[in-house]
Amino acid sequence: MVHVLQYQRGVNVRREGCIALAALAATGGKRGNPHEVKVGKAWCRYNVEEQAELVADAYCQRYSLVLKEPIEPLFPDVVHAPTAGNQENLKLPLKRWIAGAI
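To convert, take the position in the sequence shown, counting from 1, and add 12; that gives my numbering.
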């Protein structure tokens with residue numbers, strides 16, 4: 013989803029991604045490693061792949077980059093996978109659910 017946002021903001025994601033991966037390969041993983049976070053490094057200094065990995069890692073940890081705190085206390089009903097027990101709309105037929113969302 014990060015690449016979609018980058019694209020919507022005018023970034024040529026395909027080109028920038030190729031450049032980032034080429035730099036990673038050319039330096040043997042020393043430059044542009046998407047799994048390496050540097051304290052104090054500005055968001056705009058990370059390449060498109062690094063930005064995507066940072067957001068993915070934060071999501072996996074259920075952490076808000078913007079709020080700088082865990083999200084569980086903020087959305088207790090949302091962080092659990094939807095099931096018929098905690099989501100009434102899962103019992104609706106798909107066509108009716110889509111019609112209700114429009």
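By construction, the Cβ of each residue, glycine as well, lies at the ideal position given by its N, Cα and C atoms.
Using the beta-carbon count (16 or more within 10 Å), is residue i buried or exposed?
{"i": "residue 24", "result": "exposed"}
Helix or strand or just coil, what does DSSP make of residue i?
{"i": "residue 51", "result": "coil"}
{"i": "residue 58", "result": "coil"}
Among the residues of its own chain, which have a CB less than 7 Å from the CB of residue i, if the five just before and after it don't count?
{"i": "residue 45", "result": "36"}
{"i": "residue 47", "result": "65"}
Among the residues of its own chain, which have a CB less than 8 Å from the CB of residue i, if the five just before and after it don't count?
{"i": "residue 63", "result": "14, 18, 55"}
{"i": "residue 49", "result": "66"}
{"i": "residue 39", "result": "none"}
In chain order, what residues of the same chain have a beta carbon less than 6 Å from the beta carbon of residue i, not counting five sequence neighbours either side?
{"i": "residue 59", "result": "32, 44"}
Quick test of your reading: residue i and residue j, contact by CB under 8 Å. State the CB separation rounded to the nearest angstrom.
{"i": "residue 22", "j": "residue 61", "result": "About 17 Å separates the two Cβ atoms, so there is no contact after all."}
Hey, which unbroken runs of the alpha helix (DSSP H) at 4 residues or more fall wholly within the segment 13-38? The alpha helix (DSSP H) runs of length 4 or more contained entirely in the segment 13-38 are, from start to end of the chain, 14-20, 25-38.
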